[in-house]
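Everything below concerns the one structure shown next.
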Ligand SMILES: Cc1cc2nc3c(=O)[nH]c(=O)nc-3n(C[C@H](O)[C@H](O)[C@H](O)COP(=O)(O)OP(=O)(O)OC[C@H]3O[C@@H](n4cnc5c(N)ncnc54)[C@H](O)[C@@H]3O)c2cc1C
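In the working numbering, the protein residues as written are 205 to 617.
In structure tokens:
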């Protein structure tokens, strides 16, 4: 049986991770990326032990240790009173329980880590400035992809890892655009040394308030602090329904600091002081899709979707990049059996992955409701956090990996 030639659309986290994992399994891969160069855009990403375990398995433990931060504690505080509601140890506790650490990284650093690993490994061809325009698949002739400029590329399978606004998804599923969730994320990255000592932090802190929450954690070896404030609302141009997909897809819009401070309202003094200490914010309008409803949303025939293209996540469980990396490991595992036709391997991938991706999508949405609760729901949440503490924050089904096509299992029980 001929070796499958794999074409990956998109060199984001999902695309590079898939190229790396498939390349490790001696599958020749070609990656096409729309961007002409990679920038520093992005902010922090949390990666739980379900993800760091995979990165370690790919031989990236030391490189990750050089650029990530490894917070020792997760703390949940009331955004209104400032009181600690619950806490959970990370650090060694996570390593002991799950065999891998809980890390926080700058997205650009994680992206560079994967890019360097792909380069070092060989066997992966990366074409920048090569946007996929469309594709055609047939069961006998494989997939023909047309790239901007008219170039045509042949492959046995197409892995659509081209993000939230995936053109591969648009053609494959034709199920409309992602929709704004009604939440705005204001993001900032600042040097801890530029902050007063009392505001510097080596832990993950989530501040919960009515219709808002704030998350802060260290990145870049702890030298930088990543800060995200999520509030309900929409900018004027979005309310006026003038938004173009280009505006919605932009992670990095100018943010009005005054609007952020107004949206924050009356919050605990230390939180207010932290937000006020940030000179400039970037705005990201959150968009997503309904959770997956079946394996058909992961792919059809010789085309599969990975990462945000398949299952965009609200960021309230911090697993967008995580599920993209799990997808990458799972697709390489599915393709490892060389005796299987490629369509069968891709169908197996879809069958194994979609329930876990749906579960994470649903839990992310639910977390958003719980984080932003007001009235009696908020009192109930705070009481449950006080009573159960770490038991409520601990997620063995998530951090343990639980199979899901990954080819290895760590239960974490
Ligand atoms: C610039 C940027 C900044 C981000 N910042 C954050 C952040 O701060 N915090 C956070 O939690 N998440 C962030 N994310 C999202 C996070 O990286 C993803 O949710 C997660 O990593 C899943 O990645 P993905 O590879 O599926 O999608 P993405 O990371 O979005 O990657 C998709 C890739 O596909 C490429 N692409 C799109 N269209 C085409 C086409 N037609 N042909 C070829 N290539 C194409 C894109 O240029 C991109 O490189 C960011 C994503 C991007 C692109």
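Each residue gets a CB set at the ideal place from its N, CA and C atoms; glycine is no exception. In this text, all values refer to a predicted model and were calculated from it rather than measured experimentally.
- request: Look at the Cβ atom of residue 383, then the Cβ atom of residue 492, and state whether they are nearer than 9 Å.
  value: For the purposes of this step, residue 383 is taken as residue 179 along the chain shown, with counting starting at 1. For the purposes of this step, residue 492 is taken as residue 288 along the chain shown, with counting starting at 1. Contact flag set, yes.
field: Straight-line gap, residue 614 to residue 255 (C-alpha atoms, nearest Å)
entry: Translated into positions along the chain shown, residue 614 becomes position 410. Translated into positions along the chain shown, residue 255 becomes position 51. A caution first: residue 614 carries a pLDDT of 35, below 50, which makes its placement in the model unreliable, though a value can still be read off. Their backbone Cα atoms lie some 12 Å apart in a straight line.
message: What does DSSP give as the partner residue(s) for residue 568 in the beta ladder?
response: As a working note, residue 568 is residue 364 in the chain shown. Beta-bridge pairing links residue 568 to no other residue.
message: Assuming residue 535 and residue 226 are in contact, meaning their beta carbons sit under 8 Å apart, how far apart are those beta carbons, in whole angstroms?
response: As a first step, residue 535 must be located in the chain shown, where it is residue number 331. As a first step, residue 226 must be located in the chain shown, where it is residue number 22. Confirmed, about 7 Å.
message: Just to check my reading of the structure: residue 259 and residue 268 have Cβ atoms closer than 8 Å, yes? What is that Cβ distance to the nearest angstrom?
response: To locate residue 259, count along the chain shown from 1; it is residue 55. To locate residue 268, count along the chain shown from 1; it is residue 64. Rounded, the Cβ-Cβ distance is 6 Å, consistent with contact.
Segment contact, 8 Å Cβ cut-off, at least three pairs: the segment 505-525 with the segment 560-571: yes
field: Residue nearest to residue 485 in terms of C-alpha spacing, selected from 424, 472, 477, 464
entry: In the chain shown, counting from the first residue as 1, residue 485 sits at position 281. With distances taken between Cα atoms, residue 485 lies closest to 464.
In chain order, each alpha helix (DSSP H) run of at least 4 residues that lies wholly inside the segment 298-347: 311-325
Distance between residue 355 and residue 604 (C-alpha atoms, nearest Å): Translated into positions along the chain shown, residue 604 becomes position 400. Translated into positions along the chain shown, residue 355 becomes position 151. For residue 604 and residue 355, the distance between alpha carbons rounds to 43 Å.
- prompt: Around the C-beta of residue 270, are 16 or more other C-beta atoms found within 10 angstroms, so that it is buried, or is it exposed?
  reply: For the purposes of this step, residue 270 is taken as the residue at position 66 of the chain shown. So residue 270 ends up on the exposed side.
task: Can you give me the start and stop residues for the beta strand (DSSP E) that residue 530 sits inside?
output: The residue labelled residue 530 in the question sits at position 326 within the chain shown. Per DSSP, residue 530 belongs to no beta strand (DSSP E); it is in the alpha helix (DSSP H), 524-538.
field: Option nearest residue 375 by Cα separation, candidates 580, 588, 340, 451
entry: Numbered from its first residue, the chain shown carries residue 375 at position 171. Ranking the options by Cα distance to residue 375, first place goes to 340.
task: Quick one: using the 10 Å Cβ neighbour count with 16 as the cut-off for buried, is residue 470 buried or exposed?
output: If you number the chain shown from 1, residue 470 lands on position 266. So residue 470 ends up on the exposed side.
message: Between which residues of its own chain and residue 350 is the CB-CB distance below 6 Å, once the five residues before and five after are set aside?
response: Here residue 350 refers to the residue found at position 146 when the chain shown is read from its first residue. Cβ neighbours of residue 350 beyond the five flanking positions: 337, 338, 356.
- prompt: Roughly how far, in whole angstroms, is the beta-carbon of residue 330 from the beta-carbon of residue 347, given that I think they are within contact range, below 8 Å?
  reply: Counting from 1 along the chain shown, the entry for residue 330 is found at position 126. Counting from 1 along the chain shown, the entry for residue 347 is found at position 143. With a Cβ gap of about 18 Å, residue 330 and residue 347 do not count as contacting.
query: Can you tell me whether residue 594 is buried or exposed, with buried defined as 16 or more other CB within 10 angstroms of its CB?
result: Sequence index remark: in the chain shown, residue 594 carries index 390 (1-based). With fewer than 16 Cβ atoms within 10 Å of its Cβ, residue 594 is classed as exposed.
task: Quick one: residues in its chain with C-beta nearer than 8 Å to the C-beta of residue 425, no 5 flanking neighbours on either side, listed in chain order?
output: To locate residue 425, count along the chain shown from 1; it is residue 221. Once the five neighbours on either side are set aside, the close Cβ partners of residue 425 are 270, 271, 272, 273.
- request: Please report the Cβ distance between residue 577 and residue 585, rounded to the nearest whole angstrom; I am assuming they are in contact, meaning their Cβ atoms lie under 8 Å.
  value: Taking the first residue of the chain shown as 1, we reach residue 577 at position 373. Taking the first residue of the chain shown as 1, we reach residue 585 at position 381. Sure, about 5 Å apart at Cβ, within 8 Å.
task: Use the C-beta contact count for residue 205: other C-beta atoms within 10 angstroms, 16 or more gives buried, fewer gives exposed.
output: Here the question's residue 205 lines up with position 1 in the chain shown. Note that residue 205 has pLDDT 43, beneath the 50 cutoff, so the model's placement of it is unreliable and no number is given.
query: Any chance the CB of residue 489 is under 8 Å from a heavy atom of ligand 1?
result: Here residue 489 refers to the residue found at position 285 of the chain shown. It does not: the Cβ of residue 489 is nowhere closer than 8 Å to a heavy atom of ligand 1.
query: By Cβ distance, which residues of its chain are closer than 7 Å to residue 574, with the 5 residues on each side in sequence left out?
result: Position 370 of the chain shown, counting from 1, holds the residue named residue 574. A distance below 7 Å between beta-carbons, with the five flanking residues on each side excluded, links residue 574 to the following residues of its chain, in chain order: 585.
field: Through-space distance from residue 579 to residue 241, alpha-carbon basis
entry: Against the chain shown, residue 241 aligns to sequence position 37. Against the chain shown, residue 579 aligns to sequence position 375. Near 48 Å, if we compare the C-alpha coordinates of residue 579 and residue 241.
- request: Give every residue of the same chain whose Cβ lies closer than 8 Å to the Cβ of residue 496, excluding the five residues on either side of it in the sequence, and list them in chain order.
  value: Numbered from 1 along the chain shown, position 292 holds the residue referred to as residue 496. Cβ neighbours of residue 496 beyond the five flanking positions: 502, 514, 515, 558, 561, 562, 565.
- prompt: For residue 524, is the beta carbon positioned less than 8 Å from some heavy atom of ligand 1?
  reply: Taking the chain shown and counting its residues from 1, the one referred to as residue 524 is at position 320. Residue 524: yes, Cβ under 8 Å from ligand 1.
message: Using 8 Å for Cβ pairs, my map puts residue 365 next to residue 538. What's the rounded Cβ distance?
response: On the chain shown, residue 365 is found 161 positions in, with the first residue counted as 1. On the chain shown, residue 538 is found 334 positions in, with the first residue counted as 1. About 15 Å separates the two Cβ atoms, so there is no contact after all.
task: Compute every distance between the C-beta of residue 239 and the non-hydrogen atoms of ligand 1, then say whether any falls below 8 Å.
output: The residue you call residue 239 lines up with position 35 of the chain shown. Under cutoff, so the answer is yes.
query: Can you tell me the Cα-Cα spacing of residue 549 and residue 504, whole angstroms?
result: In the chain shown, the residue the question calls residue 549 occupies position 345. In the chain shown, the residue the question calls residue 504 occupies position 300. Those two C-alpha atoms are separated by around 11 Å.
- prompt: Using a threshold of 8 Å, is the CB atom of residue 456 nearer than that to any non-hydrogen atom of ligand 1?
  reply: In the chain shown, the residue the question calls residue 456 occupies position 252. Yes, since a heavy atom of ligand 1 falls inside the 8 Å radius drawn around the Cβ of residue 456.
query: For the segment 208-288, which segments carrying the alpha helix (DSSP H) assignment without a break, of at least 4 residues, lie completely within its bounds, in sequence order?
result: 217-228, 253-261, 265-271
Selection from 285, 475, 432, 509 that minimises the alpha carbon distance to residue 490: Start at 1 with the first residue of the chain shown, and residue 490 comes out as number 286. Nearest of 285, 475, 432, 509 to residue 490, Cα basis: 432.
message: Quick check on residue 371: buried or exposed, where buried means 16 or more other Cβ atoms within 10 Å of its Cβ?
response: For the purposes of this step, residue 371 is taken as residue 167 along the chain shown, with counting starting at 1. Buried, by the Cβ-count rule.
task: Determine the closest residue to residue 385 out of 245, 253, 452, 327, with distance taken between C-alpha atoms.
output: Position 181 of the chain shown, counted from the first residue, corresponds to residue 385. Looking at the Cα atoms, 452 is the closest of the given residues.
- prompt: How big is the Cα-Cα spacing for residue 483 and residue 391?
  reply: Sequence index remark: in the chain shown, residue 483 carries index 279 (1-based). Sequence index remark: in the chain shown, residue 391 carries index 187 (1-based). Approximately 11 Å, taken between the alpha carbons.
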